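Novice: If you scroll down you'll find the structure; I have some questions about it.
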Amino acid sequence: MSYKILPLISTEDVEKGIQQIADKIAKDYRGKDICLICVLKGAVFFMTELAKRIPEDIRVTMDFMSVSSYGSSTVSSGVVKIVKDLDESITGKHVIVVEDIVDTGNTLSYLLEMLKDRQPASLRLCTLLDKPSRRTREVQVDYTAFSIPDKFVVGYGLDYDQYYRNLPYIGVVEFDD
Ligand code: IMP
Ligand code: MG
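230 is the number that our numbering gives to position 166 of the sequence shown; each next residue is one higher, with no gaps.
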C-alpha cells in the first residue's frame, strides 16, 4: 500500500505544547515529589522532553512500562498484557502516567485501574495527543497538548508498523487509494 506523510503539528508547536503541560504540572505539584511513568515505546520522546521542563523544586523520578493489547494489533481490545512492569513501587507516590495518544481509551482505562490498585497517593494521566472522537471507554485525561481529528498520525514517538517514531514533528499518514 502506498502512502505519504503530511505534516500536522510542527516541532516548534509540539515543543510549545509540552512546555504548557510542564507549566501546569509545575503549578499543580509545587513542593511535591512526582513519579512519571512512561508507556513504552510511543511516549519516550514526549516524557523526556516533558521531564526536562519540570522545575527543580519538584523532584522527579521516571519509570517505564510496556503493555500490549491482546487480540488484533490494529484494534485495541481493552485487555492489556504487561510486557514490562515498573521497576519501583508506586504506593503512596504522586504518579503521572505519560502516554503518546489516547485513542479508544481501552489501553489507558485498563492500565489506570491496574495502577490504582497499587494505591498511589494520586494518579493522573498526561497525553501528548488526544483523539476524543474515537473514544469507546471513558478515561479522564488530566493533561493534553493537542486534540486531533480521527487520522492516523506518526512521529514524536508514534509509529506506523514501528517506523517513523524518530520524526521530530507529528505527521498524518495519508493512504493513496
Ligand atoms: P487505545 O487503547 O485505542 O486508546 O490505543 C492507544 C494506543 O494505540 C496508543 O498508545 C498508540 O500506541 C496506538 N495509537 C492509537 N492511535 C494512533 C495513531 O494515530 N498513530 C499511532 N499509534 C496510535
Ligand atoms: Mg502507546
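Think of the CB as a built atom: it goes at the ideal place given N, C-alpha and C, for glycine as much as any other residue.
Model, not experiment: these values are computed from the prediction.
For glycine 170, verify whether its CB is less than 6 Å away from any heavy atom of the ligand IMP.
Specialist: What sits at residue 170 in the sequence shown is asparagine, not glycine. Yes; taking the cut-off as 6 Å, the Cβ of asparagine 170 has a heavy atom of the ligand IMP nearer than that.
Novice: Quick check on DSSP: helix, strand or coil for isoleucine 315?
Specialist: Nothing can be reported for residue 315, as the shown portion of the chain is limited to 65 through 241.
Novice: Give a single yes or no on whether aspartate 194 has its beta carbon closer than 6 Å to a heavy atom of the ligand IMP.
Specialist: no
Novice: Tell me, which residues are paired with tyrosine 224 by DSSP?
Specialist: Note: tyrosine 224 sits in a beta bridge opposite Tyr227.
Novice: Taking the alpha-carbon positions, what's the phenylalanine 239 to glutamate 79 distance?
Specialist: 27 Å
Novice: Where does the unbroken beta strand (DSSP E) through leucine 104 begin, and where does it stop?
Specialist: Per DSSP, the unbroken beta strand (DSSP E) holding leucine 104 starts and ends at 97-104.
Novice: Please report how far the alpha carbon of arginine 188 lies from the alpha carbon of serine 66, in whole angstroms.
Specialist: One C-alpha to the other measures close to 39 Å.
Novice: Which residues mark the beginning and the end of the beta strand (DSSP E) in which tyrosine 67 is found?
Specialist: 67-73
Novice: Just the C-alpha distance for serine 211 and valine 131, rounded to the nearest angstrom, thanks.
Specialist: 23 Å
Novice: Within the chosen definition, does the segment 84-103 reach the segment 147-162 through at least 3 CB pairs nearer than 8 Å?
Specialist: Yes, the segment 84-103 is in contact with the segment 147-162.
Novice: Compute every distance between the C-beta of glycine 106 and the non-hydrogen atoms of the ligand HEM, then say whether any falls below 6 Å.
Specialist: You won't find the ligand HEM in this model; what it holds is the ligand IMP and the ligand MG.
Novice: Can you name the start and end residues of the beta strand (DSSP E) that threonine 200 belongs to?
Specialist: Unbroken run through threonine 200: none, as it is neither H nor E.
Novice: Within its chain, find whatever has a CB closer than 7 Å to the CB of isoleucine 244; leave out the 5 residues flanking it on each side and keep chain order.
Specialist: Given that the chain is displayed from residue 65 to residue 241, the structure contains no residue 244 and the question cannot be resolved.
Novice: Name the residue from Pro71, Ile118 and Gly156 whose alpha carbon lies nearest to the alpha carbon of aspartate 92.
Specialist: Ile118
Novice: So, is serine 197 buried or exposed, given that buried needs 16 or more other C-beta atoms within 10 angstroms?
Specialist: exposed
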